[in-house]
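*Asks:* Convert by adding 5 to the 1-based position in the sequence shown; the result is the number in this note's numbering. Don't be surprised by glycine CBs; every beta carbon is placed ideally from N, CA and C. Submitted below is the structure of interest, expressed as structure tokens.
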Amino acid sequence: MAAELLEFGYLFVVLALTGAVALKLGLSVIPLYVVGGVVVGPYVAGRFGLPYVANGEVVALLAEVGIVLLLFFLGLEFSLDRLRAAQSNIGRAGAIDLVVNLPLGVAIGLALGWTLVEAFLLGGIVYISSSAIVTKTLIDLGWIADPESEPILGTLVFEDLAIAVYLAVVTSLVLGGEGGLVVIGRSLAIAFGFLGVLLVAVQYGTGLFTRVLDVENEEAFVLRTLAVVIPIAGAALALGVSEAVAAFFVGMGFSTSGHRETIERRLTSVRDVFAAIFFFWIGLGTDPTLLAAAAVPLVVAVVLTTPAKVFSGYLGGRVYDLSTHRSLRVGVGLVPRGEFSLVIAALAASGSTQVMREVIPAFAVGYVLVMSALGTVLMQRSDLVERLVFRGGSAGPDT
């Protein structure tokens, strides 16, 4: 027990140091948390006989809580009425995002000589933005209150729902099609049935959500909030449904309860601690030596998918009638990739081909590392991006 506690303490020391470096350099903490995990993980520090943090079940579980809380806070920014009011824009912007980015990833895979299933896996990895990283960066930069946050969050919602369908389909394909359409149909029925129940709860359960948190004691308030969101997310995961999507819906339920501001005030620090562990955990699972095998697809994907994501996000911003400058910020805000890309990679690792077992997982961790760092830096330096794109125009977003 003492050794495990010491190792856990080491984790927090690294997080504190990388956070301090980020503040000193004026950078986002997210990519530095990931790099910190790589450096002190089993594949770098462990190989050199130095003290390292193991990528064990406890860290993975705490990282899972980080994903759940990040998406829960994202849901707090949406009410079901707001989602309904914006459903047309969300559908149009999300469809543009899907049509531009998923086929591009598939095309890259096919051009590399991969099979259709392998290319389809690559398409999913490069398609979906990281809800966790994007949401955290929106909050850190203060964009969450800006007009461009609505198309960014709307596109993330569309992606999270689309990926639930994608995962159900690709799981059957990777496992050799066992059960075929029956397996896919059952998985989709369970997923949408569970989410349907949550939607009903969000629609008609405002009074219940309000009463659950109707308590003055701060400790009891925090515990009751976690006692709702964590078990529901866990139940979703047990049924093969995205825990992130479930947490998002729970957040929507609490958004109209009258307790939204209190939740944000009392749980923000809790969210940030677990989110830091999540980003650190991404680094722990990254083996730099495997990246060489995926170097070619990695370079090609970064070069092609970055402008593609910016372009599709820009079009999504225009769907919301935003200015050209704010629409460009929407595109930049969708560049980071993260948790779902790694989920797809983990699924690929259970496949039957060498590309699935070795190349795609190595590609995914490298891609997430590059795109999480690149995306957050681009968001921080969006004024520079605007000057480069709109030469001679104003530096900041117009209204």
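1) Please give me, in chain order, every unbroken run of the alpha helix (DSSP H) with length at least 4 that falls completely inside the segment 33-83.
2) Assuming Ala306 is part of the alpha helix (DSSP H), what are its boundary residues?
3) So is Leu121 buried or exposed if we call it buried at 16+ other beta carbons inside 10 Å?
4) Just checking my contact of Leu352 with Lys314 at CB under 8 Å: how many whole Å lie between their CB atoms?
5) Between the alpha carbons of Val275 and Ile282, how many angstroms are there, rounded?
6) Kindly indicate which residue of Gly99, Pro152, Val26 has the alpha-carbon position closest to the one of Tyr132.
7) According to the neighbour-count rule (16 or more other Cβ atoms, all chains shown, within 10 Å of its Cβ), is Arg386 buried or exposed?
8) In angstroms, rounded to a whole number, what distance separates the CA positions of Glu269 and Tyr319?
9) Among residues of its own chain, excluding the 5 on either side of Phe395, which ones have a beta-carbon nearer than 8 Å to its beta-carbon?
10) Sorted by chain position, which residues of the same chain lie with C-beta nearer than 8 Å to Leu218's C-beta, five sequence neighbours on each side aside?
11) Could you check which residue in Thr294, Leu37, Leu126, Gly159 has the C-alpha nearest to that of Ala350?
12) If we count the other Cβ atoms within 10 Å of its Cβ and call it buried at 16 or more, is Arg342 buried or exposed?
13) Using DSSP with H/G/I as helix, E/B as strand and the rest coil, what is Asn94?
14) What's the gap between the Cα of Val64 and the Cα of Asp326?
15) Would you decide whether Ser93 is buried or exposed? Buried here means 16 or more other CB atoms lie within 10 Å of its CB.
16) Leu88 to Val162, Cα distance in whole Å?
17) Is the number of C-beta pairs between the segment 377-393 and the segment 29-42 that are closer than 8 Å three or more?
18) Return helix, strand or coil for Asn106, following the three-state DSSP convention.
19) Once the 5 residues before and after Thr404 are set aside, which same chain residues still bring their CB inside 6 Å of it?
20) Should Ala169 and Val250 be called a contact, given that it needs their Cβ atoms to be closer than 8 Å?
21) In or out: Thr311 buried (at least 16 other Cβ within 10 Å) or exposed?
22) Can you say whether Leu28 is buried or exposed, counting buried as having 16 or more other CB atoms within 10 angstroms of its CB?
23) Less than 7 Å separating the Cβ of Arg334 from some heavy atom of the ligand PLP?
24) Could you tell me how far apart the beta carbons of Val220 and Ile237 are, in whole angstroms, since I believe they sit closer than 8 Å?
25) Quick check on Pro341: does DSSP put it in helix, strand or coil?
26) Would you kindly check if the distance between the Cβ of Gly288 and the Cβ of Gly41 is under 8 Å?
27) Is DSSP giving Gly245 helix, strand or coil here?
28) For the alpha helix (DSSP H) that Trp119 lies in, which residues bound it at each end?
*Replies:* Taking the geometry as given:
1) 34-44, 62-81
2) 300-324
3) Looking at its Cβ environment, which holds fewer than 16 other Cβ atoms inside 10 Å, Leu121 is exposed.
4) Between Lys314 and Leu352 the Cβ distance is about 22 Å, and since that is not below 8 Å, they are no contact.
5) 11 Å
6) Gly99
7) Label assigned to Arg386: exposed.
8) Glu269 and Tyr319: Cα-Cα distance of roughly 30 Å.
9) Thr329, His330, Leu333
10) Phe226, Arg229, Thr230, Phe259, Ser262, His264, Thr267, Ile268
11) Leu126
12) Burial check for Arg342: the Cβ neighbour count within 10 Å reaches 16 or more, so the residue is buried.
13) helix
14) 43 Å
15) exposed
16) 9 Å
17) They touch, by the three-pair rule.
18) Looking at Asn106 - three-state DSSP - the assignment turns out to be helix.
19) Because Thr404 carries a pLDDT of 48, less than 50, the predicted location of this residue cannot be relied on, and no value is offered for it.
20) yes
21) The residue is buried, with at least 16 neighbouring Cβ atoms inside 10 Å.
22) exposed
23) Of the ligands one can find in the structure shown there are none, so the ligand PLP has no counterpart to examine.
24) Contact flag wrong, Cβ pair sits at about 19 Å.
25) coil
26) yes
27) coil
28) That residue, Trp119, is in no alpha helix (DSSP H); it is neither H nor E in DSSP.
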